[in-house]
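Engineer:
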Amino acid sequence: MIRALLVLMLSLAAYPACAGAWLREHKTGFLAFSGTVDENGETDGAVYAEYGLRPKLTLGFKGDANLPQGRLGEGSAFLFARLPISTGNKQYKLAYEIGLGGTFGLDFEPMMRTGLSYGRGLSIGETSGWLAIDAAVEWAKGDASDIRKLDTTIGVNLSERFKVMMQVFYTGTDSGDFFTYAPSLIWQPTPKTPSFQIGVESDNGVLSLKLGIWRTF
Numbered sequence: 005m006i007r008a009l010l011v012l013m014l015s016l017a018a019y020p021a022c023a024g025a026w027l028r029e030h031k032t033g034f035l036a037f038s039g040t041v042d043e044n045g046e047t048d049g050a051v052y053a054e055y056g057l058r059p060k061l062t063l064g065f066k067g068d069a070n071l072p073q074g075r076l077g078e079g080s081a082f083l084f085a086r087l088p089i090s091t092g093n094k095q096y097k098l099a100y101e102i103g104l105g106g107t108f109g110l111d112f113e114p115m116m117r118t119g120l121s122y123g124r125g126l127s128i129g130e131t132s133g134w135l136a137i138d139a140a141v142e143w144a145k146g147d148a149s150d151i152r153k154l155d156t157t158i159g160v161n162l163s164e165r166f167k168v169m170m171q172v173f174y175t176g177t178d179s180g181d182f183f184t185y186a187p188s189l190i191w192q193p194t195p196k197t198p199s200f201q202i203g204v205e206s207d208n209g210v211l212s213l214k215l216g217i218w219r220t221f
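In the numbering used here, the protein residues as written are 5 to 221.
1. Entirely within the region 63–143 and at least 3 residues each: give me those beta strand (DSSP E) ranges in chain order.
2. Do Ser-38 and Leu-162 come within 8 angstroms of each other at the CB atom, strictly closer than that value?
3. Using a Cβ-Cβ cutoff of less than 6 angstroms, which residues in the same chain neighbour Gly-67 once the five nearest sequence positions on both sides are dropped?
4. Using 10 angstroms around the beta-carbon of Phe-84, count the other beta-carbons present and answer buried if the total reaches 16, otherwise exposed.
5. Between Phe-173 and Asp-155, is the Cβ-Cβ spacing less than 8 angstroms?
6. For Gly-74, which residues of its own chain have a beta-carbon under 7 angstroms away from its beta-carbon, when the five flanking residues on both sides are left out?
7. Which residue's Cα is closest to the Cα of Gln-95: Trp-26, Met-169, Phe-221?
8. Ile-190 and Met-170 look like a contact to me (Cβ under 8 angstroms); what is the Cβ gap, rounded to whole Å?
9. I need the boundaries of the beta strand (DSSP E) containing Thr-47, first residue and last residue.
10. Which residue or residues does DSSP assign as beta-bridge partners of Asn-161?
11. Looking only at DSSP bridge pairs, what is Ala-186 linked to?
12. Assuming Tyr-216 is part of the beta strand (DSSP E), what are its boundary residues?
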């Protein structure tokens, strides 16, 4: 278990759903690392980064990898561009995303990624929060299966230091449909320090511990 936790802290995991329809501010960036380890000692890792290159253009990178013990890992990596869709004076935001990358394992499979994101702020009494829905299709160039994704996040700002999130991730392929449920707590000690994430994930009945770190710059 100790070895698994050490691997976890050194690995990178699923990016946080705090981007989506909200573009990064011009000349600012965001970087997130996190990792999961399940009850069987298997670890997953990935990284997410984005930068506001222009007021209406965010560039980024997202990648994930499965790190099985004693076996070759597999995962995916994409470079992407996100642009806004005008909504006038509506209370919600929309954005679309185009990316290039692919999946890797025994072989590399080139893929193109297209996505559409919806986001809006929430108000519950004196408490604020947000709702984000991110839909994407990763199109395979060869004979591999296209991948359909739908990620939903509801977050609540408990205070200046603490937030809670409930996320549901859907992935659809030719081999079936898969759902992951992921509640987590985000803690930022001070406005100038990174935020730390701790949570759990339930994937097909398998529970995992999730730890992460977020940093803006």
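We put the beta carbon where it would ideally sit given N, CA and C, even for glycine.
From a predicted model like this one, the values you see are computed outputs, not experimental measurements.
Structural biologist: Let me lay it out:
1. 78–89, 96–108, 112–128
2. no
3. Ala-50, Val-51, Ala-81
4. buried
5. yes
6. Note on Gly-74: pLDDT 49, under 50, position unreliable in the model; the coordinate value appears next. Closer than 7 angstroms at Cβ, skipping near neighbours: no residue.
7. Trp-26
8. Not confirmed; about 12 angstroms, so no contact.
9. Note, Thr-47: beta strand (DSSP E), 47–58.
10. Beta-bridge pairing links Asn-161 to Lys-167.
11. Gln-171
12. Checking the displayed sequence, the identity of residue 216 turns out to be Gly instead of Tyr. 210–220 is the extent of the beta strand (DSSP E) around Gly-216.
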